[in-house]
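Chemist:
Protein chains in written order, with the numbering used here: chain A, 1 to 114; chain B, 1 to 113.
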């Protein structure tokens with residue numbers, strides 16, 4: 001068990017509305033990540049965090065923002081949701097915070113933007 | 001970031017058959033990782049490889065770190081229905097990426113009894 005809880009597990013929202021997804025970890029790891037998974041694209045990095053208030057962009061960050069005010073929580077916000085952001089979102093943590101360290105994933109949030 | 005090309009995209013096999021899939025990178029890796037994703041869940045680490053030529057097993061699964069450091073292979077022997085899922089290869093994104101991983105697009109495995 002990676003000690004990661006994502007909420008909500010499912011959400012349906014309308015185009016143009018703001019949405020915040022939450023990732024909570026119980027083990028005080030420094031590095032946290034948000035990925036999205038889409039058919040034909042695999043898993044793509046949206047944003048990552050390397051500590052409280054320290055975040056950076058991944059390869060598909062447009063339209064997303066993140067915040068990390070506490071070690072245990074990493075929030076992903078869609079300021080104005082679009083249909084192209086319909087996806088499954090995964091949070092991950094790095095246990096060791098090293099270059100060859102595996103990531104461990106939560107069970108995802110399925111977001112549908114209508 | 002590095003491109004990871006994973007093949008095949010999907011496989012439809014009968015229970016008991018062996019399975020092989022592979023992943024190639026556009027650049028050299030020092031780590032190769034293999035994950036499995038069950039429906040409705042997040043990817044779970046199966047095998048981690050850290051050295052060129054390394055061969056590592058996890059039950060019926062065997063993975064190899066290619067000698068060129070640009071490829072890796074995953075084999076599943078005597079497949080069973082619970083092997084169904086999506087298998088991903090992954091490698092480090094590189095410097096300045098917060099130790100994030102790049103993933104292949106996955107191999108979807110279906111096993112019929």
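No residue lacks a Cβ here, since even glycine has one placed at the ideal position from N, Cα and C.
Tell me which residue opens and which closes the beta strand (DSSP E) that residue 92 (chain B) is part of.
Modeler: 85-92 is the extent of the beta strand (DSSP E) around residue 92 (chain B).
Chemist: Is the shortest distance between the beta-carbon of residue 3 (chain A) and the beta-carbons of chain B less than 8 Å?
Modeler: Cβ-Cβ to chain B under 8 Å: no for residue 3 (chain A).
Chemist: Residue 82 (chain B): which of B:29, B:37, B:31 sits nearest, CA to CA?
Modeler: Closest by alpha carbon: B:37.
Chemist: Any beta-carbon of chain B closer than 8 Å to the one on residue 27 (chain A)?
Modeler: Not an interface residue.
Chemist: Alpha carbon to alpha carbon, how far is residue 88 (chain B) from residue 106 (chain B)?
Modeler: Residue 88 (chain B) and residue 106 (chain B): Cα-Cα distance of roughly 5 Å.
Chemist: Where residue 111 (chain B) and residue 80 (chain B) are concerned, what is the direct C-alpha to C-alpha distance, given to the nearest angstrom?
Modeler: Spanning the two alpha carbons is a distance of roughly 7 Å.
Chemist: Helix, strand or coil: how does DSSP classify residue 37 (chain A) here?
Modeler: Residue state, collapsed to three classes: strand.
Chemist: Count the other CB atoms within 10 Å of the CB of residue 78 (chain B); is the residue buried (16 or more) or exposed (fewer)?
Modeler: Result: exposed.
Chemist: In the structure shown, what three-state DSSP assignment does residue 6 (chain A) receive?
Modeler: Residue 6 (chain A): strand per DSSP, three-state reduction.
Chemist: Who are the neighbours of residue 43 (chain B) on chain A, taking C-beta pairs under 8 Å?
Modeler: Simply 43, 90, 105.
Chemist: Do you know how far the Cα of residue 103 (chain A) is from the Cα of residue 91 (chain A)?
Modeler: Cα to Cα, the separation comes out at about 10 Å.
Chemist: Within 8 Å (strictly less), CB to CB, does residue 118 (chain B) reach chain A?
Modeler: Residue numbering for chain B in the displayed model covers 1 to 113; residue 118 (chain B) lies beyond these limits and cannot be assessed.
Chemist: For residue 46 (chain A), count neighbouring C-beta atoms within 10 Å of its own C-beta (all shown protein chains included) and say buried if the count is 16 or more, exposed if not.
Modeler: That one is buried.
Chemist: Residues of chain B with a CB under 9 Å from the CB of residue 97 (chain A): which are they?
Modeler: The contacting residues are 98, 99.
Chemist: Using a C-beta cutoff of 8 Å, does residue 62 (chain A) count as contacting chain B?
Modeler: Not an interface residue.
Chemist: Tell me the rounded alpha-carbon separation between residue 116 (chain A) and residue 9 (chain B).
Modeler: Lying before the first or after the last residue shown, residue 116 (chain A) is absent from chain A, which here runs from 1 to 114.
Chemist: Assuming residue 101 (chain B) contacts residue 45 (chain B) (C-beta within less than 8 Å), just tell me the rounded distance between them.
Modeler: Contact doesn't hold; Cβ gap of about 11 Å is too wide.
Chemist: Please report the distance separating the alpha-carbon of residue 98 (chain B) from that of residue 95 (chain A).
Modeler: In a straight line, the C-alpha of residue 98 (chain B) is about 13 Å away from that of residue 95 (chain A).
Chemist: Tell me whether the beta-carbon of residue 74 (chain A) lies closer than 8 Å to the beta-carbon of residue 23 (chain A).
Modeler: Yes; because the gap between Cβ atoms is below 8 Å, this pair is in contact.
Chemist: Using beta carbons (cut-off 8 Å, strictly below), is residue 102 (chain A) in contact with chain B?
Modeler: At least one chain B Cβ lies under 8 Å of residue 102 (chain A).
Chemist: Spatial neighbours of residue 65 (chain A) within its chain, please: CB distance less than 6 Å, with the 5 preceding and 5 following residues excluded, ordered by chain position.
Modeler: The answer, listed in chain order, is 77.
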